[in-house]
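A.B. asks:
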Amino acid sequence: MKTPCLFFLLAAMTAAGAVDDTARKSTPAAAPPPAVKPAPQPTPASPKANAAKPPLLATASITAAVPVLPPPQPKPEPKAEPPLYESTSPVKPAGEIDRLVMAKLEPLGVKAVLCPDAVFVRRAFLDVIGTLPTAAEARAFIEDPKPDKRRALIETLLQRDEFAVYWAMKWSDLLRIKAEFPINLWPNAAQAYHRWVMTAIEDNMPYDQFARDLLTSSGSNFRVGPVNFYRAMQNREPEGIASTVALTFMGVRTDAWKPEKLAGMARFFTQVGYKPTSEWKEEHVFWDPMGTHTLAGNIAPGKASIEEIGKPAAPAQGVATTDAPALPATGEAVFPDGKKIKLPEDRDPREVFAEWLITPKNPWFTRSIANRVWSWFLGRGIIHAPDDLRENNPPSNPELLAYLEGELVKSKYNLKHLYRLILNSNTYQASSLLGDTKPEAHFARYPLRRLEAELIIDAINKITGTTELYTSAIPEPFTYIPQGEPAMSIGDGSITSPFLALFGRSARATGMEEERSNKFIAPQWLHLLNSTQIQKKLESGPGLRDIINARRTPQKTLDELYLTILSRLPTSAEVELALSYGEPREGLNKVGKPRTGKRTEEWNDIAWALLNSSEFLFRH
Numbered sequence: 004m005k006t007p008c009l010f011f012l013l014a015a016m017t018a019a020g021a022v023d024d025t026a027r028k029s030t031p032a033a034a035p036p037p038a039v040k041p042a043p044q045p046t047p048a049s050p051k052a053n054a055a056k057p058p059l060l061a062t063a064s065i066t067a068a069v070p071v072l073p074p075p076q077p078k079p080e081p082k083a084e085p086p087l088y089e090s091t092s093p094v095k096p097a098g099e100i101d102r103l104v105m106a107k108l109e110p111l112g113v114k115a116v117l118c119p120d121a122v123f124v125r126r127a128f129l130d131v132i133g134t135l136p137t138a139a140e141a142r143a144f145i146e147d148p149k150p151d152k153r154r155a156l157i158e159t160l161l162q163r164d165e166f167a168v169y170w171a172m173k174w175s176d177l178l179r180i181k182a183e184f185p186i187n188l189w190p191n192a193a194q195a196y197h198r199w200v201m202t203a204i205e206d207n208m209p210y211d212q213f214a215r216d217l218l219t220s221s222g223s224n225f226r227v228g229p230v231n232f233y234r235a236m237q238n239r240e241p242e243g244i245a246s247t248v249a250l251t252f253m254g255v256r257t258d259a260w261k262p263e264k265l266a267g268m269a270r271f272f273t274q275v276g277y278k279p280t281s282e283w284k285e286e287h288v289f290w291d292p293m294g295t296h297t298l299a300g301n302i303a304p305g306k307a308s309i310e311e312i313g314k315p316a317a318p319a320q321g322v323a324t325t326d327a328p329a330l331p332a333t334g335e336a337v338f339p340d341g342k343k344i345k346l347p348e349d350r351d352p353r354e355v356f357a358e359w360l361i362t363p364k365n366p367w368f369t370r371s372i373a374n375r376v377w378s379w380f381l382g383r384g385i386i387h388a389p390d391d392l393r394e395n396n397p398p399s400n401p402e403l404l405a406y407l408e409g410e411l412v413k414s415k416y417n418l419k420h421l422y423r424l425i426l427n428s429n430t431y432q433a434s435s436l437l438g439d440t441k442p443e444a445h446f447a448r449y450p451l452r453r454l455e456a457e458l459i460i461d462a463i464n465k466i467t468g469t470t471e472l473y474t475s476a477i478p479e480p481f482t483y484i485p486q487g488e489p490a491m492s493i494g495d496g497s498i499t500s501p502f503l504a505l506f507g508r509s510a511r512a513t514g515m516e517e518e519r520s521n522k523f524i525a526p527q528w529l530h531l532l533n534s535t536q537i538q539k540k541l542e543s544g545p546g547l548r549d550i551i552n553a554r555r556t557p558q559k560t561l562d563e564l565y566l567t568i569l570s571r572l573p574t575s576a577e578v579e580l581a582l583s584y585g586e587p588r589e590g591l592n593k594v595g596k597p598r599t600g601k602r603t604e605e606w607n608d609i610a611w612a613l614l615n616s617s618e619f620l621f622r623h
């Protein structure tokens, strides 16, 4: 396999967001060359004789007679092709979301247009289930004449099995699901945590119940998945728990809070107990009103052996673990909104806090998740960033955010209801192109974003029919992933690969969105262009081989490659360039007919070029 100029030519042709309108149309035929002026000819004996013997090029002189050829006729102007990344349909209000967005865009004079069907089917598959459509799925959608096919596709994708897998990956980043040695999550605890998250998504658990279960669950870290919320965080002291809760469920960073505000919230988490069992690395998380197994009332984390952990210790013998301000007096706690409460002695304080958190009138809970969901689909939050909600960081469209909050409450915290509203809006279905103006804060266009690391390698494996090997630094059976599992299904963040590390997979240490990097850097380009890993997948993978070896014309083979990799058909210019690439085939085939078509390595080169295009690597 070579790395010829074709890579760069095709990559430029298919670069999302960089295609000029003029480049989307076929180049007009060149002007015909001037006709050859005939040399003087001898007068024929008769017209009949002249017809019988056409003049031949003489060998004695270059001035001999040559035939008079008609001038070449110009090729007809090719039919103009529609733009690749935008339709001719302007964005019109299709609901309240569009009305509120357009109210901000109209004063700016911005006129957005919808994306075409080929762009939408790829976008919806990636955004809803984290995978590319097959060539058959893409073709069927593009050719479907039904006017409501986009709505129907969205509903189908929301019910697919891959939906829970993909969204569990996103939540695993926020919930810090990653085994670490020798403390925090053990691999089988991480797996239990991930299974619970995925089951909750499969069952469409209401988001308020989802949050409540994470905050209030008790039981074994190996058997009760949500208790690992308290095991996965780096700092399990009350102030550390309070900071993690605020970030995860309120979108708030507490590092700017006054010490007394954090201490007031931390009071709700001073009775979280951690008690080991006789099973290796098993631990029960529970409400411990006596404080005999809490970090605040027992021992400093990481300073005792496993035998010492869990030994009863009187509260008076507690060891200070941080220099944080002292907690409020026993029984007194303060909600983040400033309201003080006397904690009942017969009730888990975590439950008291959870009830305050999930009430519809809470100023942070509903707003945080509505803003976060919007950012997942539209590239940035109405409040930017989704984990930095504060008074001096106002929303760019307060009315839009209030509408989403209200819809979430009315639906009883059904996140799929919010997904449907956003996905069916023309705001989401707008083109990613918008000329030179980019009012991103007002969502005038769909944002160009590089695919997550897991989605890139899964897409390459799907296209080529190959698999990937994932490993973990922790030698445990629970860190083994069977060959062929997609990267996005890996629940434990400690299980990784060089590709995932190179392409910016989240470290899952803080629970912040910014931990995942979707920026394109030079080493990533070099890997895709030059690595033996990608070369072997293209050359040996059965997926491409089946496409190339199928009994199709070169045109149909090219169509299948484009549908498989880019979810669209090639333009006439791309067809001309691709089919002209390579060397003519010589000789006869097995049945004695002249060889036609391209060599396998030439088709692999074309596929490699498409995989290196921005159109493949980016959401658009």
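Add 3 to the 1-based position in the sequence shown for my numbering, that's all there is to it. A virtual CB, placed ideally from N, CA and C, is assigned to each residue, including glycine.
Closest to Ser-570 by C-alpha separation, out of Glu-605, Leu-531, Glu-618, Gln-527, would be which residue?
C.D. replies: Of the listed residues, the one whose Cα sits closest to Ser-570 is Glu-618.
A.B. asks: Ignore the nearest five residues each way along the sequence and tell me which others in Ile-477's own chain have a CB closer than 7 Å to its CB.
C.D. replies: These residues qualify, in order along the chain: Ala-182, Phe-184, Pro-190, Ser-497.
A.B. asks: Alpha carbon to alpha carbon, how far is Phe-338 from Ala-249? Give it in angstroms, no decimals.
C.D. replies: Cα-Cα distance, rounded: 11 Å.
A.B. asks: Spatial neighbours of Phe-271 within its chain, please: C-beta separation below 7 Å, excluding the five flanking residues on both sides.
C.D. replies: Cβ neighbours of Phe-271 beyond the five flanking positions: Ala-336, Pro-352, Arg-353, Val-355, Phe-356.
A.B. asks: Do the region 577-588 and the region 156-163 make contact, defined as three or more Cβ pairs closer than 8 Å?
C.D. replies: The region 577-588, when compared against the region 156-163, does not touch it at the 8 Å Cβ threshold.
A.B. asks: Relative to the C-alpha of Leu-404, which residue among Leu-135, Ser-371, Tyr-431, Arg-508 is closest?
C.D. replies: Cα-wise, what sits closest to Leu-404 is Ser-371.
A.B. asks: Threshold first: 4 residues or longer. Then list the alpha helix (DSSP H) segments lying entirely within the region 210-254, N to C.
C.D. replies: Qualifying alpha helix (DSSP H) stretches, in chain order: 210-219, 232-235, 241-253.
A.B. asks: Going by other Cβ atoms of all chains shown within 10 Å of its Cβ, with 16 needed for buried, is Asn-400 buried or exposed?
C.D. replies: Buried, since its Cβ has 16 or more Cβ neighbours within 10 Å.
A.B. asks: Excluding sequence positions up to five away, which residues of its chain have a Cβ less than 7 Å from the Cβ of Thr-567?
C.D. replies: Cβ within range, chain order: Ala-138, Ile-466, Ile-550.
A.B. asks: From Gly-494 to Ile-132, what distance separates their C-alpha atoms?
C.D. replies: Spanning the two alpha carbons is a distance of roughly 16 Å.
A.B. asks: Can you give me the C-alpha to C-alpha distance between Val-255 and Leu-620, rounded to a whole angstrom?
C.D. replies: So the alpha carbons of these two residues sit roughly 32 Å apart.
A.B. asks: Residues in its own chain within less than 8 Å of Asp-461 by CB, not counting five upstream and five downstream?
C.D. replies: The answer, listed in chain order, is Gly-133, Thr-134, Pro-489, Ala-490, Met-491.
A.B. asks: Would you please state the rounded distance, in angstroms, between the beta carbons of Leu-541 and Leu-532? I believe it to be under 8 Å.
C.D. replies: Leu-541 to Leu-532, Cβ: 12 Å. No contact.
A.B. asks: Taking the alpha carbon of Pro-389 as the reference point, which residue from Glu-516, Lys-284, Glu-282 has its own alpha carbon closest?
C.D. replies: The shortest Cα separation from Pro-389 among Glu-516, Lys-284, Glu-282 belongs to Glu-516.
A.B. asks: In whole angstroms, give me the CA-to-CA distance for Asn-374 and Ile-385.
C.D. replies: Asn-374 and Ile-385: Cα-Cα distance of roughly 6 Å.
A.B. asks: Going by the CB atoms, is the gap between Leu-108 and Leu-458 shorter than 8 Å?
C.D. replies: Against a cut-off of 8 Å, the Cβ pair of Leu-108 and Leu-458 comes out as no contact.
A.B. asks: Could you work out which residue in Arg-239, Ala-115, Arg-234, Asp-349 is closest to Ala-269 when comparing CA atoms only?
C.D. replies: Nearest C-alpha to Ala-269: Arg-239.
A.B. asks: Can the beta-carbon of Leu-613 be found less than 8 Å from the beta-carbon of Leu-564?
C.D. replies: Yes, Cβ-Cβ distance for Leu-613 and Leu-564 is below 8 Å.
A.B. asks: Where does Ile-180 land, buried or exposed, given buried means 16+ other C-beta within 10 angstroms?
C.D. replies: Buried, since its Cβ has 16 or more Cβ neighbours within 10 Å.
A.B. asks: When burial is assigned at 16 or more other CB atoms within 10 Å of the CB, is Thr-408 buried or exposed?
C.D. replies: Checking the sequence shown, residue 408 turns out to be Glu, not Thr. Buried.
A.B. asks: Does DSSP put Trp-694 in a helix, a strand or coil?
C.D. replies: The structure shown does not extend to residue 694, since the chain spans only 4 to 623, so no value can be given for it.
A.B. asks: Closer than 8 Å is the cut-off here; do at least three beta carbon pairs connect the region 470-487 with the region 506-525?
C.D. replies: Touching, no.
A.B. asks: In angstroms, rounded to a whole number, what distance separates the CA positions of Thr-560 and Ala-553?
C.D. replies: Roughly 8 Å between the two C-alpha positions.
A.B. asks: Once the 5 residues before and after Thr-574 are set aside, which same chain residues still bring their CB inside 6 Å of it?
C.D. replies: Closer than 6 Å at the Cβ level, and outside the excluded window around Thr-574, lie Glu-84.
A.B. asks: Hey, quick one: how far does the alpha helix (DSSP H) through Val-131 stretch, first residue to last?
C.D. replies: Segment 120-132, the alpha helix (DSSP H) holding Val-131.
A.B. asks: Among all the DSSP beta bridges, which residues are the ones paired with His-287?
C.D. replies: According to DSSP, His-287 bridges with Ser-223, Lys-278.
A.B. asks: Could you compute how far the alpha carbon of Val-412 sits from the alpha carbon of Arg-102?
C.D. replies: Their backbone Cα atoms lie some 20 Å apart in a straight line.
A.B. asks: Using the Cβ count rule (16 or more neighbours within 10 Å means buried), how would you classify Glu-579?
C.D. replies: The residue in question, Glu-579, is exposed, as its Cβ has fewer than 16 Cβ neighbours within 10 Å.
A.B. asks: Please go through the same chain and pick out, in chain order, the residues whose beta-carbon is closer than 8 Å to the beta-carbon of Pro-450, but skip the five residues on each side of it.
C.D. replies: Counting only Cβ-Cβ distances below 8 Å, and skipping sequence neighbours, we find Leu-381, Gly-382, Arg-383, Ser-435, Glu-443, Arg-622.
A.B. asks: Using CA atoms only, rank isn't needed, just tell me which of Glu-348, Pro-366, Asn-607 is closest to Lys-342.
C.D. replies: The option with the nearest alpha carbon to Lys-342 is Pro-366.
A.B. asks: What's the C-alpha gap between Arg-448 and Pro-526?
C.D. replies: Distance between the alpha carbons of Arg-448 and Pro-526: 29 Å.
A.B. asks: Leaving out the 5 sequence neighbours to the left and right, which residues in its chain are closer than 7 Å to Thr-219 when beta-carbon positions are compared?
C.D. replies: If we look at Thr-219 and ignore the five residues flanking it on each side, its Cβ neighbours are Asp-351, Arg-353, Glu-354, Ala-357.
A.B. asks: What number of angstroms, rounded off, separates the C-alpha of Glu-228 from the C-alpha of Thr-369?
C.D. replies: At residue 228 the sequence reads Gly, which differs from the Glu that was named. Near 24 Å, if we compare the C-alpha coordinates of Thr-369 and Gly-228.
A.B. asks: By Cβ distance below 6 Å, which residues in the same chain neighbour Met-208 in space, the five residues on each side in sequence not counted?
C.D. replies: Cβ neighbours of Met-208 beyond the five flanking positions: none.
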